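For the sequence shown, the working numbering begins at 362 and goes up steadily by one. For every residue, glycine included, the Cβ atom is placed at its ideal position computed from N, Cα and C. Note that the structure is predicted; figures quoted are calculated from it, not measured.
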Amino acid sequence: MALTADIKGGSENEIKGGAGLLVSRPFAFIGRNALGWINRLGAAAIFLCMAFLSTIGRKQLSKTVQQIYYIGARSITIIMLVSLFTGMVLGLQSYHSLLKFGASGAVGSLVSLSLIMELGPVLTAIMITARAGSAIAAEIGIQRISEQIDALHTMRINPIRYLISPKITAAIISFPLLTAVFDLIGILGGYISAVVLLGLNGGVYLHSINTYVVMSDITNGFVKSIVFAIIVATVCCYQGYFAHLRKDSHGAQAVGLATTSAVVTSCVLILVSDYVVTSLLA
Numbered sequence: 362m363a364l365t366a367d368i369k370g371g372s373e374n375e376i377k378g379g380a381g382l383l384v385s386r387p388f389a390f391i392g393r394n395a396l397g398w399i400n401r402l403g404a405a406a407i408f409l410c411m412a413f414l415s416t417i418g419r420k421q422l423s424k425t426v427q428q429i430y431y432i433g434a435r436s437i438t439i440i441m442l443v444s445l446f447t448g449m450v451l452g453l454q455s456y457h458s459l460l461k462f463g464a465s466g467a468v469g470s471l472v473s474l475s476l477i478m479e480l481g482p483v484l485t486a487i488m489i490t491a492r493a494g495s496a497i498a499a500e501i502g503i504q505r506i507s508e509q510i511d512a513l514h515t516m517r518i519n520p521i522r523y524l525i526s527p528k529i530t531a532a533i534i535s536f537p538l539l540t541a542v543f544d545l546i547g548i549l550g551g552y553i554s555a556v557v558l559l560g561l562n563g564g565v566y567l568h569s570i571n572t573y574v575v576m577s578d579i580t581n582g583f584v585k586s587i588v589f590a591i592i593v594a595t596v597c598c599y600q601g602y603f604a605h606l607r608k609d610s611h612g613a614q615a616v617g618l619a620t621t622s623a624v625v626t627s628c629v630l631i632l633v634s635d636y637v638v639t640s641l642l643a
């Protein structure tokens with residue numbers, strides 16, 4: 362009881378202190394939080410570099426294949442479902458919008474380019490974050506608070522090499538493949554909506570795709586998916602790995618908050634990096 366009271370009292374004092382600093386010295390509050398974000402960003406970058414340096418080795422192959430199955434193969438059902446209805450909605454909205462301008466023949470190109478360049482990589486990354494990323498953060502967080510990672514240190518096993526590297530490698534492999542599946546199923550959904558249900562000529566739909574979609578559009582979409590893979594895998598693994606260092610909670614509650622933080626941060630960074638990468642590739 363005394364320990365719980367001390368923890369609650371400490372948390373309340375931190376909240377009151379932050380609120381008081383915000384009122385009395387707003388620039389100091391903003392600067393302190395900005396420096397905290399920069400420190401965490403640097404720590405995550407070092408964490409990613411250490412994981413990349415540990416990826417080389419034959420023993421990593423079997424672990425990486427297992428993670429590809431967990432992250433990629435087990436996510437394909439939700440990816441196909443979301444992509445099908447995303448394509449159908451795009452086909453429906455595009456047909457009615459372009460029909461007003463007499464340009465209904467461009468439905469195929471609009472649907473395909475929207476999926477390949479933007480919606481495919483972004484929605485795929487968000488879906489994988491919700492399904493696999495949250496599970497990865499929770500799994501590593503539980504291993505941390507149950508001292509399994511400390512046990513690996515005791516046995517002279519590098520936990521980053523053993524736990525983190527296969528997940529990041531598997532994410533880099535799985536994200537582009539699932540993005541390709543999303544794009545194909547989404548274009549099929551647009552075909553069903555525009556051609557089968559609304560009566561657009563199927564040849565016009567396919568010819569529009571063949572005419573306006575070029576290889577650079579597909580390449581840009583895959584580049585985005587690789588960037589998103591690195592972001593999601595790094596953030597989710599980092600949040601779980603350092604769940605025990607959270608100041609606002611301990612134990613199982615820390616794992617829950619770390620998982621929530623991993624999903625929210627990954628989704629925000631996906632959207633921010635999407636704009637940055639689009640600007641660089643434009």
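A412 lies in the alpha helix (DSSP H); which residues open and close that run? P387 to L414
When the Cα of A615 is compared with those of Q600, G550, T626 and V625, which residue comes out closest? Q600
Nearest CA to the CA of L476: which residue from L445, S495, I503 and A405? L445
Determine contact between the segment 553-561 and the segment 601-608, defined as no fewer than three beta-carbon pairs at a distance below 8 Å. no
Quick one: what's got a C-beta closer than 7 Å to L513's C-beta in the same chain, skipping five residues either side? P520 and Y523
For G550, collect the residues of the same chain with a Cβ closer than 6 Å to its Cβ; drop the 5 residues on either side in sequence, then sort them by chain order. L445, G448 and M449
Under DSSP, the alpha helix (DSSP H) around N581 begins and ends at which residues? M576 to Y602
In whole angstroms, what separates the C-alpha of T490 from that of V624? Note on geometry: alpha-carbon atoms of T490 and V624 lie some 6 Å from one another.
Integer Cβ distance of I501 from P537, believed to fall under 8 Å: Going by Cβ atoms, the distance from I501 to P537 rounds to 24 Å, so no, they are not a contact pair.
If you count every other CB in all the chains shown that lies within 10 Å of the CB of C410, and 16 or more means buried, which is it? exposed
Cβ shell of M362 (< 7 Å), same chain only, five flanking positions each side left out: Here the model assigns M362 a pLDDT of 36, short of 50, so the residue's position is not dependable and the matter cannot be decided.
Give the secondary structure of I518 by DSSP, where H, G and I count as helix, E and B as strand, and everything else as coil. coil
Rounded separation between V596 and L471 - CA only: 33 Å
By how many angstroms is the C-alpha of S473 removed from the C-alpha of I407? 38 Å
Any idea what DSSP makes of F543, helix, strand or coil? The three-state reading of DSSP puts F543 in helix, counting H, G and I together.
Beta-carbon proximity list for S627, same chain, < 7 Å, skipping 5 on both sides: The answer, listed in chain order, is T490, G494, I592, V593, V596 and C597.
From the DSSP output, in three-state form, read off K461 for me. K461 falls in the coil class under three-state DSSP.
Taking the beta carbon of Q504 as the centre, do at least 16 other beta carbons fall within 10 Å, making it buried, or is it exposed? buried
For the 8 Å Cβ check, are there 3 or more pairs between the segment 524-532 and the segment 419-433? Output reads yes: the segment 419-433 touches the segment 524-532.
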